[in-house]
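Residue numbers (our numbering), protein chains in the order written: chain A, 2 to 83; chain F, 47 to 424; chain C, 2 to 370.
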Amino acid sequence: MCLGIPGRVEEVWEADGTRMATVDFSGIRKEVCLAYVPDVVVGDYTIIHVGFALTRLDEASALETLALFREAGLLDQELGTA
Amino acid sequence: MRPTTSSAASTGRHWRAVDGATAVTTTPLDPENWSCPVPLRDHPTIVMGHGGGGRLGAELIEHLFLPAFGGTGSILAQLGDAAVVQAGAARLAFSTDSFVVRPRFFPGGNLGDLAVNGTVNDVAMTGAVPLFLSAGFVLEEGLALDELGILAQTMGAAARRAGVEVVAGDTKVVDAGHGDGAYITTAGVGLIAPGVDLGPHRVQPDDVVLVSGPIGLHGIAVLSVRDGFEFGSEILSDTAPLNGLVAALLAAGVDVHMMRDPTRGGVAAILNEIAASSDTGVEIVERSVPVPEPVSAACSLLGLDPLEVANEGRLVAFVGRDDADHALEVLRSDPLGVGATAIGQVVAEHAGVVVARTGIGGTRVVDFPLSEQLPRIC
Amino acid sequence: MKYLDEFADPELARGLLDDIARTVTRPWSIMEVCGGQTHTIIRNGIDQLLPDDVTLIHGPGCPVCVTPLETIDRALAIAARPEVIFCTFGDMARVPGSNGDLLSVKAAGGDVRLVYSPLDAVHLARQFPEREVVFFAIGFETTAPANAMTVHMARRLELTNFSLLVSHVLVPPAMTAILEAPRRRVQGFLAAGHVCTVMGMAQYVPLVERYQVPIVVTGFEPLDVLEGIRRVLAQLEEGRAELENAYPRAVSFEGNPTARRVVDEVFEVCDRQWRGIGLIPRSGWRLAPAFAEFDAEQRFDVGSIVAEESPRCRSGEVLQGHITPPQCEAFGTECTPRSPLGAPMVSSEGACAAYYQFRRLNGPALASS
Chain A
2 MCLGIPGRVE EVWEADGTRM ATVDFSGIRK EVCLAYVPDV VVGDYTIIHV
52 GFALTRLDEA SALETLALFR EAGLLDQELG TA
Chain F
47 MRPTTSSAAS TGRHWRAVDG ATAVTTTPLD PENWSCPVPL RDHPTIVMGH
97 GGGGRLGAEL IEHLFLPAFG GTGSILAQLG DAAVVQAGAA RLAFSTDSFV
147 VRPRFFPGGN LGDLAVNGTV NDVAMTGAVP LFLSAGFVLE EGLALDELGI
197 LAQTMGAAAR RAGVEVVAGD TKVVDAGHGD GAYITTAGVG LIAPGVDLGP
247 HRVQPDDVVL VSGPIGLHGI AVLSVRDGFE FGSEILSDTA PLNGLVAALL
297 AAGVDVHMMR DPTRGGVAAI LNEIAASSDT GVEIVERSVP VPEPVSAACS
347 LLGLDPLEVA NEGRLVAFVG RDDADHALEV LRSDPLGVGA TAIGQVVAEH
397 AGVVVARTGI GGTRVVDFPL SEQLPRIC
Chain C
2 MKYLDEFADP ELARGLLDDI ARTVTRPWSI MEVCGGQTHT IIRNGIDQLL
52 PDDVTLIHGP GCPVCVTPLE TIDRALAIAA RPEVIFCTFG DMARVPGSNG
102 DLLSVKAAGG DVRLVYSPLD AVHLARQFPE REVVFFAIGF ETTAPANAMT
152 VHMARRLELT NFSLLVSHVL VPPAMTAILE APRRRVQGFL AAGHVCTVMG
202 MAQYVPLVER YQVPIVVTGF EPLDVLEGIR RVLAQLEEGR AELENAYPRA
252 VSFEGNPTAR RVVDEVFEVC DRQWRGIGLI PRSGWRLAPA FAEFDAEQRF
302 DVGSIVAEES PRCRSGEVLQ GHITPPQCEA FGTECTPRSP LGAPMVSSEG
352 ACAAYYQFRR LNGPALASS
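Shown next, in the form of structure tokens:
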């Protein structure tokens, strides 16, 4: 459940009173609804699920998470258990 | 629309061919002996999955067509892309294919391109030099002549590019509402040179599996313009004739054992078919499989597996290990083989099963696709 | 940063796996609730990479698997009506009802259309005002906001030919049911990341406290799933029971209040039958009375539905983790992906289909390792 894919917001407009966007996924472009993420702007990355953006992806948080992963690996090297 | 000659709807178990005034009774179908076709037992009709290049289609051939046309010992039973037949002193490859793609025009090509290249490729995969094509058209009343003109011009250009000649044809028209625009069937014949012997019997453990370029382009190109799933993309179908690549490989004396073009059902279907028919195992390395980023993104978006997406201008080759580098060199020197790369190998273990080493080093079984791929949300 | 390849990095995966191997000292059973996570696990071979002591139980987090049989039958009946254009996600197209599936209805002439988004169904309703467009609104909390928005749109566009067949299911009640079961094997949970993107994390606090189980909100890329597993195992080994967020780039504690507001307006909580499991009280959403005009269940009288599950199918026990698929007598014989008796064999992330893939391998997984 919940096939949500990260994509980059390229263009934003309004249609029938609803905020819509073109989102780019590495060269694939899809029209999605931004109604649930009013603070998302062009350049932001969002998670798209069945044509709707559900959240803004936080880059700082992502980098932090990756750093944590790296640490987990390093710890094993230091302990000689890797 | 149900075929009017079938009585399957009423009896659910038997099928009789009715030929004009004389009723020809054939052997009744015995769905009980199919591999547990629950859907078919309850609904004895054709479903879309039968055309998907996967397991459902294979069953239809094995249990419905083969018994009617010749049984297990026949040439048909070998079920290659093309049949290899002896005609006097000559060895011919003979194949047919029907083309029903919708929409008929897609980024990178149209129905006409597929109709020529598809059959040229099926013939070429046996190692034959494709020579002649026939083309049959089933046209729906109301089809624009302009469009038909474009399709025909496209086919002519594709045939010239492939070096084959369309020598026979036929046209039928069906009532409006009964034909979905245009269906094209092509048959092709080619000549196999002496000494050329490709097929599952030649596939051995240690063989290297090569693909001639990036995969998934055709299927995604078509999906990008199909109702319900349209998305913007720059992806173009890879439809192309592969007989040039085949000829180059054979001329260079490469130790090719078998080749197939991964159309419907994708690379996954091909590898499974070959593993089964050669009774070997196949292992691929996912990171080695060339998938263009937009194809990967489209597959992620729709929940598809790139290995199951159709290609119309790629070949998968099984070559002797010692000749793999040579094969890649030959492929890469042709514009259609620029992205050729090794993706795996044949092994003696797990005969009939295709296994992949995943991106993070795990293992997964790459199964024979059941039928057509359905985009998912989960 | 594109948020995809970075979270599938093989070196980082190796680091996480090594850390897991170092951490585990005895057997543990973890359940991932979300089918999307099951899919990642199978697709990447994660369960093959974990230490033998770690058992992953694939939970009922796949709406395909748990949509009640009666609802499927109702969908089939509605889709067969000549005036209806029946729109569905691809996942549901091959799920067996009592007699056939949506694809067989299509084969018999029904207008069944696979769509990517419920918005596509709204477009069809505008395009074909003379037809009745019905959208099969299944899914967990993640999909509900999308489905809810279409109801708002339909109202704003004054569409009279659009309706939803609703069968939403909720994660926390399902987890509660699993935790309450007498034969509970599950010791820790990976919570569904995108469900939490919408709903936030508050609903899991009482579960952690009452049942003293680790719950880690987890994402869907390979590294995310490995990290979720790593954190649950760390808690189990250390005797902790906490609610953690391992997917902070997409999940906040409060979730998405805008989405929840719309969902609260359009849907109301109801009891829900989970296929194979049974009735779980207050575990579903249906359309609120104010939106009854968009309820396909009320709009189409398809007579009484008598749902007949295959007596041989033990999917309920599988979905709750009581048995593994190979322990079912029908597994691999009568029930295969080709001819499924129940939903977990159909779904690409169903537990039965997952096990079925690997039964074809004997001995070492890869000859070339």
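Backbone N, C-alpha and C fix where the C-beta goes; we use that ideal spot for every residue, glycine too.
Taking a C-beta cut-off of 8 Å against chain C, none of the residues of the segment 353 to 364 of chain F qualify.
Note that the C-beta distance between GLY16 (chain C) and ALA73 (chain A) is below 7 Å. Residues of chain F whose Cβ lies closer than 7 Å to the Cβ of GLY28 (chain A) are, in chain order, SER279, GLU280, GLU339, PRO340, ALA343. For the segment 56 to 75 of chain A, residues whose beta-carbon sits nearer than 9 Å to a beta-carbon of chain C comprise THR56, ARG57, LEU58, ASP59, GLU60, ALA61, SER62, ALA63, LEU64, GLU65, THR66, LEU67, LEU69, PHE70, ARG71, GLU72, ALA73, GLY74, LEU75.
Cβ contact annotation for ASP369 (chain F) (same chain, cutoff 6 Å, sequence separation greater than five): VAL300, ASP301, in chain order. Within chain A, the residues ASP17 have their CB atoms less than 8 Å from the CB of LEU158 (chain C), given in chain order. If you look at ASN289 (chain F), you'll find it in the alpha helix (DSSP H) that goes 289 to 297. Residue range 172 to 181 is occupied by the alpha helix (DSSP H) that includes MET176 (chain C). Pairing THR200 (chain F) with ASP159 (chain F) gives a Cβ-Cβ distance under 7 Å. Here the alpha carbon of ALA139 (chain F) sits roughly 6 Å from the alpha carbon of LEU237 (chain F). Taking all protein chains in view, the Cβ of GLN188 (chain C) is crowded by 16 or more other Cβ atoms within 10 Å, so the residue is classified as buried.
Proximity to ALA128 (chain F) across F:ASP351, F:GLY164, F:GLY154 peaks at F:GLY164, based on C-alpha coordinates. By the 16-neighbour rule on beta-carbons within 10 angstroms, THR66 (chain A) is buried.
Cβ proximity to chain F below 9 Å picks out ARG30, LYS31, GLU32, ILE49, HIS50, VAL51 from the segment 30 to 54 of chain A. In the DSSP assignment, ALA192 (chain C) falls within the beta strand (DSSP E) that extends over 189 to 193. Taking C-beta atoms under 8 Å as the contact rule, VAL116 (chain C) and ALA81 (chain C) fail to qualify, at a distance of about 18 Å. Judged by their CB atoms, SER279 (chain F) and ILE29 (chain A) are nearer to each other than the 7 Å cut-off.
Identification of chain A residues near GLY154 (chain F) by a Cβ-Cβ cut-off of 8 Å yields none; the smallest Cβ-Cβ distance measures about 15 Å. Nearest CB-CB separation between GLY383 (chain F) and chain A: not below the 7 Å threshold.
Interface flag for THR387 (chain F) against chain C is unset, since no Cβ pair is found closer than 7 Å. DSSP places ILE238 (chain F) inside the beta strand (DSSP E), whose first and last residues are 228 to 238.
The Cβ atoms of PRO352 (chain F) and GLY262 (chain F) lie closer than 7 Å to each other. Neighbours of PHE359 (chain C) across chain F, judged by C-beta separation under 9 Å: THR409, ARG410, VAL411.
Runs of beta strand (DSSP E) with 3 or more residues, each lying fully within the segment 26 to 64 of chain C, are found at 29 to 33, 55 to 59, listed in chain order. For MET21 (chain A), the enclosing beta strand (DSSP E) stretches over residues 19 to 26. In the three-state reduction of the DSSP assignment, GLY390 (chain F) falls in the strand class.
Residue contact with chain C for ARG367 (chain F): absent (no Cβ-Cβ distance below 7 Å to any residue of chain C). According to the DSSP secondary-structure assignment, LEU138 (chain F) is paired through a beta bridge with F:VAL131, F:LEU237. Think of a sphere of 9 Å around the beta carbon of LEU347 (chain F): the chain A residues whose beta carbon falls inside it are LEU4, ILE6, GLY8, PHE26, ILE29, LYS31, ILE49, in chain order. Within the same chain, Cβ atoms closer than 6 Å to the Cβ of THR231 (chain F) are found at SER144, GLY182, the five residues on either side in sequence being excluded.
Taken through DSSP and simplified to helix, strand or coil, SER279 (chain F) comes out as coil. In this model, PRO176 (chain F) and LEU197 (chain F) are separated by some 21 Å (Cα to Cα). GLU7 (chain C) belongs to the set of residues whose beta carbon lies under 7 Å from a beta carbon in chain A. Between ALA355 (chain C) and ILE139 (chain C) a beta carbon distance of about 20 Å is seen, past the 8 Å cut, so the two are scored as non-contacting.
Annotation: the segment 23 to 58 of chain A contains the following complete segments of the beta strand (DSSP E) (minimum length 3 residues), in chain order: 29 to 34, 46 to 50, 53 to 57. In the DSSP assignment, PHE8 (chain C) falls outside any alpha helix (DSSP H) and carries neither an H nor an E.
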